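These notes concern the structure reproduced below.
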Amino acid sequence: MASSRKRRLSLDMETAEAVENINSTMQRLHEIWEQISMDESARVKRVRNAYSHLKQLLAEMVEGEEEMAEQIVRDIKKNTEKVANIRTEMEMRPFPFDDYEENSIALWKALEKDLKDLKKTTDERVQEEKEIREQMQEMVRKLDDDELLDEVPFTPSQKVPTTSELATLRLKLEDLQTMYASRVAELLHLQSFLIKETRHMNYQALSKEIRDFIDDDLIEVDVLSAKRIEEIKKLSSNVKEEFVRWAEDAQFRYLELYSQIKELWDKCYVSEMERCFPEVFDPEIQTNEDIEFLKDEVKRLDKCLSERKPIYANIEKWQALWTEKCEYEDKASHDRNFYNNRGGQLQTILKRQAEVDRALPRLQREIEMATNIYRSSHPGEDVLIDGVSPTEYIEMAMEKHRQEKDRRKMERMSPSFRSPMKSMSSSRLQRMTPNSSPLAAQRARNMSESSLRKIATPISSPMASPIRTPKTRNPFSPITNRSIRKSSKSPKTSSPLRSKGIHGVRRQIQFK
């Protein structure tokens, strides 16, 4: 009402101003007519003519405004019905009529604008529905299952989809897309599993179907039916069974080859750092190639063993004699009664020691000679014993023995000298050669007396060893031989062992 009174007041003011303008105009006209002394009839005629035009103009204006008002009322009524129907159809909130005066121009304009906006929204919804249905059709084609569309609601072409209908279509499309993505992910997982499993096995031994599936780019796969997924699952199950069989066979073959190479490692004196093959075959990380590598290494070492047999045989003999020499010295240093002539065995022991001392340098020269011959026939190949050359191997053994003897000597000279029994463990360690092992010790124990005597036999060799043992006389041999000769020539002279006793012999040995 306040707004209405304000508009009426404004209109009254405009009307009063118009009346004032008319009165001013008529007053001016009278002044003009007075100047020319126009008669009264002419003046009345002119005024009536002017008022006639003004009246006609106002009448036309009223008629036009009445027609406009009627049209606005009709448009409001029509648009109100349209807006209500469209909003109801699209499940939208009702139009806010309470915000406008009834049959007002503002209401008319608001309804016109709302109709325009609703038309745009309608077109967008129809287009969105069309696109969603097209995408659903594509997903159904990729999933190869037309029955997936049976649950999709049908919207008549003349009807605008509601908000809930669009939401239902969107959810259904998302379900189809999720189903397709899930199948792709499952196939990728199966493919990854098959690649992982089959790369350990012989790839060419697989069926063509499995090889094709492994080589496929699943990202570009167009159709993924449920039947195809089941087929791939079945293939995967078959591959799992095949993998189990392959793993059992591979482990058996690997174990057999490993037992061979382990024996060859010992026979060829391969260092621990070069023994790079694991003892157990792991099918999860190892492949057929690892078995082939092991097989090739067995062949190579077997060939090396055959070609280097003279070297390895002499190394084995040298090890046996060196172990025997160290055992004699160890026993002599720890057993006070070792050189007592128990049952007449002292002469045999001393003779055996002399044979060993003569055989060791000869064997060393034979080893170097055999090594040089092999290198000349196999240029570029190194002969290694426990990671070093045969010469270095022997040098290391002799140097280690010398250092151990010096250590024991220093211990005996020191005030805090330990008893022989306490140092037994270290002396036993001294006897071990650089490549000592239970197998080497067993070989040393199994060396027959006849083979050692054969080794001790003098041989001629044009090669001279770069490492010569000191030409020291055996401290036992001269004494014993001299004593024996005196004993045989003069029955009246007693044996040195009897006359001097073990302490006299030991003092004489130390002096020598």
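Numbered per the UniProt record's numbering, the sequence shown spans residues 1 to 512.
The beta carbon of each residue, even a glycine, is placed where N, CA and C say it ideally should be.
All figures in this text were calculated on a predicted structure; none of them were measured in a lab.
| Query | Result |
| --- | --- |
| Opening and closing residue of the alpha helix (DSSP H) in which F243 lies | 226 to 267 |
| Segment contact flag, the stretch 124 to 137 with the stretch 97 to 112, C-beta cutoff 8 Å, min 3 pairs | no |
| Secondary structure of I285, DSSP reduced to three states | coil |
| With 16 other Cβ atoms within 10 Å as the buried cut-off, status of I76 | buried |
| Where V160 falls: helix, strand or coil (DSSP) | coil |
| L363 versus E355: straight-line alpha-carbon distance, rounded | 12 Å |
| Of the residues I315, H189, E40, the one placed nearest I229, counting alpha carbons only | H189 |
| Per-residue burial, C276 [other beta carbons within 10 Å of its own, 16 or more giving buried] | exposed |
| In DSSP terms, what V73 is bridged to | None, per the DSSP bridge assignment. |
| In DSSP terms, what V388 is bridged to | I385 |
| Test item: CB-CB of I285 and R253 under 8 Å | no |
| Own chain residues within Cβ distance below 7 Å of Q260, not counting five before or after | V298 |
| Run of the alpha helix (DSSP H) containing residue 547, from where it starts to where it stops | In the structure displayed, the chain extends from 1 to 512; residue 547 sits before or after that span and is not available. |
| Where D217 sits in the DSSP three-state scheme | coil |
| Three-way DSSP call (helix, strand, coil) for C304 in this model | helix |
| N- and C-terminal bounds of the alpha helix (DSSP H) containing N314 | 309 to 334 |
| Assigned secondary structure, I36 (DSSP; H/G/I helix, E/B strand, else coil) | coil |
| CB of K142 within 8 Å of CB of L257, strictly | no |
| Residue range of the alpha helix (DSSP H) that includes M136 | 105 to 143 |
| Short Cβ contact (8 Å threshold) for T25 with M90 | no |
| Three CB pairs or more closer than 8 Å across the stretch 29 to 48 and the stretch 59 to 77 | no |
| Reduced DSSP category for M201 - H, G, I as helix; E, B as strand; rest coil | coil |
| Buried or exposed by the 16-neighbour rule on C-beta atoms within 10 Å, applied to Q345 | exposed |
| Option in V160, K159, D175 with minimal Cα separation from L148 | D175 |
| Integer-rounded CB distance, given that I394 should sit under 8 Å from N314 | No, N314 and I394 are not in contact; Cβ-Cβ is about 10 Å, not under 8 Å. |
| 8 Å Cβ cutoff met for V160 and R133 | no |
| Spatial neighbours of D146 in its chain, beta-carbon cut-off 8 Å, leaving aside the 5 residues before and after | V140 |
| Y51 classed as buried or exposed, judged by whether at least 16 other C-beta atoms fall within 10 angstroms | exposed |
| Three-pair Cβ contact test at 8 Å for the stretch 65 to 85 versus the stretch 107 to 116 | yes |
| D386 burial status per 10 Å Cβ neighbour count (16 or more: buried) | buried |
| Which of helix, strand or coil DSSP assigns to S477 | For S477, the pLDDT reaches just 37, beneath the cut-off of 50, and the residue's location in the model is therefore unreliable, although a value from the coordinates is still provided. Helix. |
| CA nearest to the CA of K233, picked from E263, S192, K309, W246 | S192 |
| 8 Å Cβ cutoff met for V388 and T371 | no |
| Whole-Å CB distance - L294 paired with L264, under 8 Å assumed | Going by Cβ atoms, the distance from L294 to L264 rounds to 11 Å, so no, they are not a contact pair. |
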